[in-house]
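Since the structure comes first, as structure tokens, the remarks are kept for the end.
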Amino acid sequence: MPTIQRIIVPGIRPPVSHYCHVTRAGPHVWVAGIVGQAQDGSIPADVVDQFDVAITIMDKCLKAAGAGAEHVVKVQVFMTDITERPKINPRRIAYFGDNLPVSTLVEVKGLVDPRMKVEIECQAYVE
13 MPTIQRIIVP GIRPPVSHYC HVTRAGPHVW VAGIVGQAQD GSIPADVVDQ FDVAITIMDK
73 CLKAAGAGAE HVVKVQVFMT DITERPKINP RRIAYFGDNL PVSTLVEVKG LVDPRMKVEI
133 ECQAYVE
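Start counting the sequence shown at 13; every next residue gets the next number (the working numbering).
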């Protein structure tokens with residue numbers, strides 16, 4: 013049975029509840045839902061700016077577990093306004109490049125803070 017690493021990533025805001033930022037078990041990596049809240053607690057008003065913060069934090073979580081964008085096999089994106097998807101899509105393309113994960117995009121009624129517009133989580137596989 014592989015060792016399970018539960019990682020709280022230094023330099024990232026602590027989780028708002030009882031969970032860790034990222035978990036690794038053997039070659040499998042799971043990153044918890046990441047929102048666009050900066051380290052200082054600020055939340056940008058624009059969905060693209062929130063997504064940029066979230067994808068940067070997600071990348072730090074992946075790296076803390078020994079992974080990167082090229083290892084992501086599945087990504088889930090939650091948006092409070094799905095019509096804004098075209099605004100964030102160029103940022104997704106820039107981050108993942110040719111490393112196309114499978115993906116789920118869901119519109120939700122709200123996130124943990126009413127100012128938040130997007131949340132992203134992912135799973136990765138590292139050999």
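Where is the CB? At the ideal position from N, CA and C, for every residue including glycine. Please read these numbers as outputs of a predicted model, since none were measured by experiment.
- Between VAL65 and CYS134, the CB-CB gap reaches or exceeds 7 Å.
- About 7 Å separates the beta carbon of VAL47 from that of VAL124, a gap short enough to meet the 8 Å contact definition.
- Here MET128 carries a coil assignment [DSSP, helix/strand/coil].
- Under the 10 Å beta carbon count, GLN51 is surrounded by fewer than 16 other beta carbons and is classified as exposed.
- In this model, PRO39 and ILE55 are separated by some 33 Å (Cα to Cα).
- If the five residues before and after PRO26 are omitted, its C-beta is found closer than 6 Å to no C-beta atom of its own chain.
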